[in-house]
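Below is one structure, written out as structure tokens, with a few remarks after it.
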Amino acid sequence: MALNLSQSKYLKQSAQLHAQIKISQLMQMSEAEFQDLINNIENNPLFKRLMYPKDKGKIKEKIISYRRFPGTRIAKNFSDFSPEQIKATGSPDLESLIKSKDKIMRTIKKIGSEDFKKYFLYSDFDIVLDDLSRRLSLSEDEIENIQLLINDLALKSRFYFPGSFESLGIKYQKIAEIEKDKGRFLISFLSLSLARGQYFFNQKKLDKLAGSGQLSRSELRKINFLINKLKAINLRKTTLFRIVSFIISKQKKFLNTSEPISLIPFSQKEAAANLGLSSSVFNRAIKYRSLDSPWGTELPLKYFFPSLKNIRIYFLDSIIKKNIKFKSDKELQEYLQSRHGIYISRRTVNKYKKEIIKHPSCRK
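Taking our numbering, the leading residue of the sequence shown gets 1, the next gets one more, and so forth.
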């Protein structure tokens, strides 16, 4: 029986609502929990067969691969990890992990920095495991051991999410560093999964495999179920990437100057609408997450979406810092109006001054 227009509309809205609920649930997970979820999936034998196929297996072509987000890279504390780097974190868990993997560390050193990043950190290749083994002159067991070590390190959130910003007793999770390189801003992710980007599914190869008759219906259903899980993970990754990219595009002047008065007032609701996200998904995405500015100061994501009131307080704070003397709040009010075009009452000036004294964190 064909669906009428109202039924089709209802089903479409229901599907959209289901997707929003799913992404909201994923956004509530901590970075460590999310990495744990990814590791569980990537350690699944079926995922490995699709991601790292072998010449002798049923699946002979790479179905799943990574696609990095443009203008992104992995942070240096991951790409340059070494016993010295890990010791600097002060984590005994990491030190003992590396000591127990001394042989693997020597193998990584032998591979070289560029090939290590390409084939293991970013997994940026489209060949079967046998070919990778020959290209790097490593056994398949050595390749797997390196991958397992990287996954173990990725789970150590104290190493890869070393956020220091704290508010109301809640420590923020730092997800990235915004760095300026040759005149443009780059996003250096602290998360291995974000740095690797989205999962990409080669539909042509998958269709060819499905039509070959080599896999049973049960195996095909399991592949479909796995891919749907990975698509959900892609939603969270893409959402965070788009938000950080949006921050760079909207607050470029602030990122260049570090002056809070350079911030553009832009509400979270407006940002969510611009990105085509529901307000609830956007709020969950930025909640208790932070990033490092180009000058090294850690700032909450919400800081980049200031209200008009915030901007006025920043202007007032910048004037106070200059130690310009005013006889009264009325005189300060007139100064804001004549010099900066900020029209607020004398009482509001007094109220904002008290807020600056009470909450010095707003002076960052």
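Backbone N, C-alpha and C define an ideal beta-carbon position, used for all residues, glycine too.
Minimum C-alpha distance to residue i - residue among the options
| i | options | result |
| --- | --- | --- |
| L138 | A75, D126, D115, Y122 | D115 |
| S212 | I59, F120, S279 | I59 |
| P70 | R196, E144, G163 | R196 |
| L255 | Q337, E179, N283, A273 | E179 |
| F225 | I41, A32, L26 | I41 |
| E331 | S345, K321, S318 | S345 |
| F185 | P294, S216, G112 | P294 |
| N274 | L50, R289, K250 | K250 |
| F189 | S290, M51, Q333 | S290 |
| G367 | T239, D292, K56 | With the chain covering only 1 through 364, there is no way to say anything about residue 367. |
| E61 | N39, K204, R73 | K204 |
| I38 | S267, L194, A285 | L194 |
Terminal residues of the alpha helix (DSSP H) in which residue i lies
| i | result |
| --- | --- |
| R67 | Where R67 is concerned, there is no enclosing alpha helix (DSSP H), although the beta strand (DSSP E) it sits in stretches over 64 to 67. |
| I368 | This structure gives no information on residue 368, because the portion of the chain shown stretches from 1 to 364. |
| I108 | 102 to 111 |
| L275 | 268 to 275 |
| F254 | 252 to 257 |
| L316 | 308 to 321 |
| F282 | 279 to 286 |
| D385 | In this structure the chain extends from 1 to 364, so residue 385 is not present and cannot be described. |
Beta-ladder partner(s) of residue i, from DSSP
| i | result |
| --- | --- |
| Q176 | In the sequence as presented, Gln is not what sits at residue 176; that position holds Ala. DSSP output for A176 lists F189, L291 as bridge partner(s). |
| D130 | The partner list for D130 (beta bridge, DSSP) is empty, contrary to what the question assumes. |
| P344 | One point to set straight first is that residue 344 is Ile, not Pro, in the sequence displayed. Per DSSP, none; premise fails for I344. |
| D167 | Per the sequence shown, the amino acid found at residue 167 is Ser instead of Asp. DSSP lists I170 as partners of S167. |
| D181 | R184 |
Boundaries (first-last residue) of the beta strand (DSSP E) holding residue i
| i | result |
| --- | --- |
| P45 | Per DSSP, P45 belongs to no beta strand (DSSP E); it is in the alpha helix (DSSP H), 45 to 51. |
| Y199 | 198 to 201 |
| Y298 | Tyr is not the amino acid found at residue 298; the sequence shown has Glu there. 298 to 300 is the span of the beta strand (DSSP E), which, as asked, contains E298. |
| I261 | Taken as a continuous stretch (DSSP letters only), I261 belongs to no beta strand (DSSP E), as it is neither H nor E. |
| I74 | 72 to 74 |
Cβ-Cβ separation, residue j to residue i (assumed contact under 8 angstroms), whole Å
| i | j | result |
| --- | --- | --- |
| I187 | V128 | Not really, about 31 angstroms apart at Cβ, beyond 8 angstroms. |
| S24 | S280 | 6 angstroms |
| N145 | I104 | 5 angstroms |
| L206 | I63 | 5 angstroms |
| N151 | Q198 | Between Q198 and N151 the Cβ distance is about 18 angstroms, and since that is not below 8 angstroms, they are no contact. |
| R284 | Q28 | 6 angstroms |
Residue i burial status per 10 Å Cβ neighbour count (16 or more: buried)
| i | result |
| --- | --- |
| R236 | buried |
| L220 | exposed |
| P306 | buried |
| T257 | exposed |
| V349 | buried |
| D102 | exposed |
| I324 | exposed |
| G112 | exposed |
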